[in-house]
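Engineer: These protein sequence lines are chains S and A, in that order. The first sequence runs contiguously to residue 200 in this note's numbering. The second sequence runs contiguously to residue 1658 in this note's numbering. We treat Cβ as the ideally placed atom computed from N, Cα and C, and that holds for glycine. Predicted, not measured: the structure shown is a model, and the values here were computed from it. Once you've had a glance at the structure underneath, I'll fire off some questions.
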Amino acid sequence: MGKEIEQTFERKFDKVNSIVDKHERKVSNLIAILQEIQGEYRYLPEEVLMYVATTLGISPATVNGVATFYTQFSMKPKGKYVIKVCDGTACHVRHSEKLRYLVRDKLGLDDSKDTTDDMRFTLETVSCIGACGLAPVVTVNDDKVYGQMTPEALSIVLDQLIAEERSEGAAEKQAGRVDQGSVGNGQAHEPDGGKGCQCC
Amino acid sequence: MSMLLESRKDVERIAERVCKGLEQQKVRAMVCAGTGCLANGSLKVYEKLRELVAEKGLLVDLDMTEDACGGAHDSDKANCNTNASCEVDSTHGAESVPENGIGIEKSGCHGFCQMGPLVRIEPHGILYVSVKPEDVEEIVEETLIKGKAVTRLLYQDSSSETAVKTEDSIPFYKRQHRVVLANCGKINPEDIREAVAIGGYHAIAKALDEMTPTEVAELISASGLRGRGGAGFPTGRKWGFAQAAKSDKKYVICNGDEGDPGAFMDRSVMEGDPHKVLEGLMIAAYAIGADEGFIYVRAEYPVAVARLEKAVREAREYGLLGQNILGSDFSFDITIKEGAGAFVCGEETALISSIEGRRGMPSPRPPYPAAKGLFGKPTIINNVETLSNLPTIVLNGPSWFKENGTETSPGTKTFALAGQVVNTGLVEVPMGFPLRDLVFEVGGGTRTGKPFKAVQIGGPSGGCLAKDQLDVALDYESLRKVGAMVGSGGIVVMDEDTCMVEVARFFMQFAQNESCGKCVPCREGTKQMLALLTKITDGEGTMEDLELLEELALAVKDGALCGLGKTAPNPVLTTLKYFRSEYEAHILEKRCPAGVCQALKVYAIDPDKCRGCTLCAKACPVGAISGERKKPHSIDAEKCIKCNTCVEKCRFGAIIKK
């Protein structure tokens, strides 16, 4: 019986173990370990943090301390789509706040609630993603970057995402169709004679 | 490992060979694949270009695999040719290289981000802006094959209303002097051979071949190079401390934790020319006697992380990292460390904590990292841009470096120009460049056409400068004199529609979020300053608050433990100094001159919509609305208490808040 529990336990943390092994079980690689775990689980579950502490031979407080110090880490589950609205200085002076309110409005989020109940969408504000030349910038799951955004253009992006989520079966196929930047300064607002977008 | 370079001669030989190989590309299109252009869809343009050129059988890729070259260090067998890509292979056979071969490559950031996707055509020097996949066919037919420029894709100079053909003649680039950014946009950052061909790793080869570590350190001291990360500490002197420290182990760290909102030059260098960063770190390691190095990059820069990792892998394959580099006694390797989103990690001691896997909290100095740093060993931390300056200084000498810039701030500096300015992007100018020229000539003035109000330099550690300070020179001393600092080099231009009190509050909010909480002045000080600033932007501030704010700012500046806290009050102090009247307007007149602060918005009536029904006037609890029946009414802003009653009563949507 005891052995069985142990085995289940081992299997449960198989993935975590392989991640910790990959980083040579070094305490100095704790941040990289947590990053990879978060990549796997989309957040840092408490029991996993406990396990990491035990297996690395450090106190849970140390692991917890690191996990709560860095903004990249989340102790709460995040949605399937993480929408980040950049609020760096350049985006801020180009009114990124309007974009944030738009996303909130559309997804029914507020100060105390950053993830939708169906776990589809999470809204985050980031300090700067270094794409200031394209301010204001919004990213979806880090791999899609939308530059020179307007509320109208962002609205289209969100509608597309929501529609995709609805037609669940076809979701995978459609994901490829939301092109990088195709809304940013393409369809929604044409650059003015090649001089860059003047309308936002 | 036939690619192993074993001496300085090998480096020179391979450079020569790659150059020859590149000559097979009679025309070369560089598609920008920096973060900005990627976001604008440059990959689609790149793929389409390759597809169309390959269809015509003209695509030539640099191919230097073992078979093609017969071993990089074996010059007798040197038969390094570019080889037709696989697409061409299938139709023409591997041997045929088309006479008018065309190269299509991805490059790093060209700097002119807002005009992306950018495509640069060599050798003509033509720069196409805002290129879309549908433009590709014309580019291939007209430019790549016939050598003619497609006018509609050129940059349009709005002042002269003409199309500008080459990059160098665009006003944005004209006055720039690119040293650090020299290769960004010109080479494929994901190919070490291109880096070597353009002079990469020649400096470390030279240093290992003919200079002692002390000579390298002395050379850098003589150049007067100062840290580009913010404070401007002389690089050579910093090295001197680590060199003098006796230890069995020393480390060098590249600080790529570019956390300042509004700054992206380090990102562009890491993305566009990663091998230059590696080479700089190698030079620093050689000078101080370190055998291990780290590059600490923000996790928010995934493209930079990927390119650096590839660069390190390639450098290892070529024997440029590892044991006995280029046949010398110098052994060195580099690890990439990703940050996890903490602004304070840009501070040396906090960064060290983070690399060690701990919370990124700063420690008091001394001991300085040069004496006791990473894992308790002597450590040198240099910024990306500082390191990127090293190879050219080693190759060209200190007096060449001093030709640019001012006496106390020699060299060039990259700045990230953003905000409400016509031309946003990355610029590199000699130190001491006039701020006015940067904003109005390079940047082209405000993009909204509204009057210029302020420029914010150096991120949350820097200051806000007004019109009257526009003639300041961009160097360490001059900027410090006016209360700002070079910082990392982010320059955000603001127009009339920006409220300076709100900007100060914005930065204080940032500093408060990022304060690690270790020392009281920063933890509590930023919180209280934020509370005072919020009170003012809410229209509830008093003149006493202003005094308190100033006193608090000075106390935090003096008392905080690290650079983050010490500089956090700068945006407050500079806005108080140069934009005091705006603070006073918020406090005394309960008015936000820029019309930004929500709580201070002024209510007015749109005369075109108002029907003069008098409903609002009757409802107004303070009698602030007046007007004749059936004629547009107006609101007396002084009497108005902003209760919103009129908005609720009006049936025509005629009440506007501004």
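Output yes or no for whether 8 Å exceeds the beta carbon distance between H1586/A and I1605/A.
Structural biologist: Against a cut-off of 8 Å, the Cβ pair of I1605/A and H1586/A comes out as no contact.
Engineer: Would you kindly check if the distance between the Cβ of V1179/A and the Cβ of N1383/A is under 8 Å?
Structural biologist: No, the pair does not count as a contact, with Cβ atoms beyond the cut-off.
Engineer: Name the one or two DSSP bridge partners that T139/S has.
Structural biologist: Beta-bridge pairing links T139/S to K84/S, V145/S.
Engineer: Span of the beta strand (DSSP E) holding N1183/A?
Structural biologist: Counting along the chain, N1183/A falls outside any beta strand (DSSP E), and DSSP gives it neither H nor E.
Engineer: Go through its chain and collect everything with a Cβ distance to V1031/A's Cβ below 6 Å, but skip five positions before and after it.
Structural biologist: For V1031/A, where only same-chain residues beyond five positions count, the Cβ hits under 6 Å are S1042, V1045, Y1046, K1106, V1119.
Engineer: Just confirm the distance between the C-beta atoms of N1570/A and S1488/A, as a whole number of angstroms; I'd bet it's less than 8 Å.
Structural biologist: Not quite, the Cβ-Cβ distance comes to about 13 Å (not below 8 Å), so this is no contact.
Engineer: When you compare the CB of V93/S with every CB in chain A, is at least one pair closer than 8 Å?
Structural biologist: Closer than 8 Å to some Cβ of chain A, the Cβ of V93/S qualifies, so yes.
Engineer: Pull up the distance between the alpha-carbon of F13/S and that of K1527/A, whole angstroms please.
Structural biologist: F13/S and K1527/A: Cα-Cα distance of roughly 41 Å.
Engineer: Where does G79/S fall in DSSP's three states?
Structural biologist: If DSSP states are grouped into helix, strand and coil, G79/S belongs with coil.
Engineer: List, in chain order, every chain S residue whose beta-carbon is nearer than 7 Å to that of M1494/A.
Structural biologist: Result: V93.
Engineer: Quick check: the Cα distance between V1277/A and Q1598/A, rounded to an integer number of angstroms?
Structural biologist: The straight-line gap from Cα to Cα measures roughly 45 Å.
Engineer: Locate the beta strand (DSSP E) running through R1028/A, then write down its first and last residues.
Structural biologist: Start and end: 1027-1032.
Engineer: Quick check on this structure: which residue in A61/S, Y81/S, T55/S has the alpha carbon closest to the alpha carbon of H23/S?
Structural biologist: Checked all of A61/S, Y81/S, T55/S; the closest Cα to H23/S is T55/S.
Engineer: Can you tell me whether DSSP reads C1254/A as helix, strand or coil?
Structural biologist: Strand.
Engineer: Mapping the DSSP letters down to three states, classify K1657/A as helix, strand or coil.
Structural biologist: K1657/A: strand per DSSP, three-state reduction.
Engineer: Compare the C-beta of P1261/A against all C-beta atoms of chain S and say whether one is closer than 8 Å.
Structural biologist: Taking Cβ atoms only, chain S reaches closer than 8 Å to P1261/A, which makes this a yes.
Engineer: At which residues does the beta strand (DSSP E) containing G1419/A begin and terminate?
Structural biologist: Taken as a continuous stretch (DSSP letters only), the beta strand (DSSP E) holding G1419/A covers 1412-1419.
Engineer: Select from the segment 1023-1045 of chain A all residues with a C-beta closer than 8 Å to any C-beta belonging to chain S, and list them in chain order.
Structural biologist: Answer in chain order: T1035, G1036, L1038, A1039, N1040, G1041, L1043, K1044.
Engineer: Take N1188/A and list the residues in its own chain whose beta-carbon comes closer than 7 Å to its own, dropping the five residues that flank it on each side.
Structural biologist: Hits under 7 Å: E1105, K1106, S1107, E1194.
Engineer: Nearest CA to the CA of R1611/A: which residue from F1652/A, L1573/A, E1589/A, P1593/A?
Structural biologist: It is F1652/A whose Cα lies nearest to the Cα of R1611/A.
Engineer: At least one CB of chain S closer than 8 Å to the CB of E1066/A: is that the case?
Structural biologist: Bear in mind that the predicted position of E1066/A carries a pLDDT of just 38, short of 50, making it unreliable; the figure below should be weighed with that in mind. Taking Cβ atoms only, chain S never reaches closer than 8 Å to E1066/A, which makes this a no.
Engineer: Compute the beta-carbon to beta-carbon distance between I1204/A and E1279/A, rounded to the nearest angstrom, for a pair I have assumed lies under 8 Å.
Structural biologist: With 8 Å as the limit, I1204/A and E1279/A qualify as a contact, their Cβ atoms being about 5 Å apart.
Engineer: Please work out which residues of its chain come closer than 7 Å, Cβ to Cβ, to K1649/A, disregarding the five sequence neighbours upstream and downstream, and give them in chain order.
Structural biologist: Answer for K1649/A: L1615, C1616, A1619, listed in chain order.
Engineer: Jot down the residue ranges of each uninterrupted beta strand (DSSP E) in the segment 1122-1161 of chain A, minimum 3 residues, whole runs only, in chain order.
Structural biologist: Within the segment 1122-1161 of chain A, the complete beta strand (DSSP E) runs of at least 3 residues are 1126-1128, 1155-1157.
Engineer: Tell me the rounded alpha-carbon separation between K1481/A and E1551/A.
Structural biologist: Going by the C-alpha atoms only, they are around 20 Å apart.
Engineer: Keeping to the same chain, check which residues put their C-beta closer than 8 Å to that of I129/S; ignore five residues upstream and five downstream.
Structural biologist: Excluding sequence neighbours, I129/S sits near K84, C86, G88, V137, T139, V145.
Engineer: Give me the Cα-Cα distance between A1072/A and Y81/S, rounded to the nearest whole angstrom.
Structural biologist: At A1072/A, the pLDDT of 40 sits below 50, so the modelled position is not reliable and the matter cannot be decided from this model.
Engineer: With a 10 Å radius around its C-beta and 16 neighbouring C-beta atoms as the bar for buried, classify G169/S as buried or exposed.
Structural biologist: Residue placement at G169/S is flagged as unreliable, the pLDDT there being 48, under the threshold of 50; a coordinate-derived value is accordingly withheld.
Engineer: Where do the N-terminal and C-terminal ends of the alpha helix (DSSP H) with L1548/A fall, by residue?
Structural biologist: First-last of the alpha helix (DSSP H) with L1548/A: 1543-1559.
Engineer: Do T1235/A and G1227/A have their C-beta atoms closer together than 8 Å?
Structural biologist: Yes, they are a contact pair.
Engineer: Should Y1296/A be labelled buried (16 or more other beta-carbon atoms within 10 Å of its own) or exposed?
Structural biologist: Buried, by the Cβ-count rule.
Engineer: Strictly under 8 Å for the Cβ-Cβ distance: is A153/S near chain A by that measure?
Structural biologist: Not an interface residue.
Engineer: For G1272/A, name the three-state secondary structure that DSSP assigns.
Structural biologist: Three-state result, G1272/A: helix.
Engineer: In the DSSP output, which residue or residues are listed as bridge partners for C1616/A?
Structural biologist: Note: C1616/A sits in no beta bridge, so no partner.
Engineer: Inspect the beta-carbon positions of N1396/A and H1177/A and report whether they are closer than 8 Å.
Structural biologist: It is not a contact, given that the beta carbons lie outside the stated cut-off.
Engineer: State whether the segment 1203-1223 of chain A contacts the segment 1316-1334 of chain A, with contact taken as three or more CB pairs (one from each stretch) at a distance under 8 Å.
Structural biologist: A contact exists between the segment 1203-1223 of chain A and the segment 1316-1334 of chain A.
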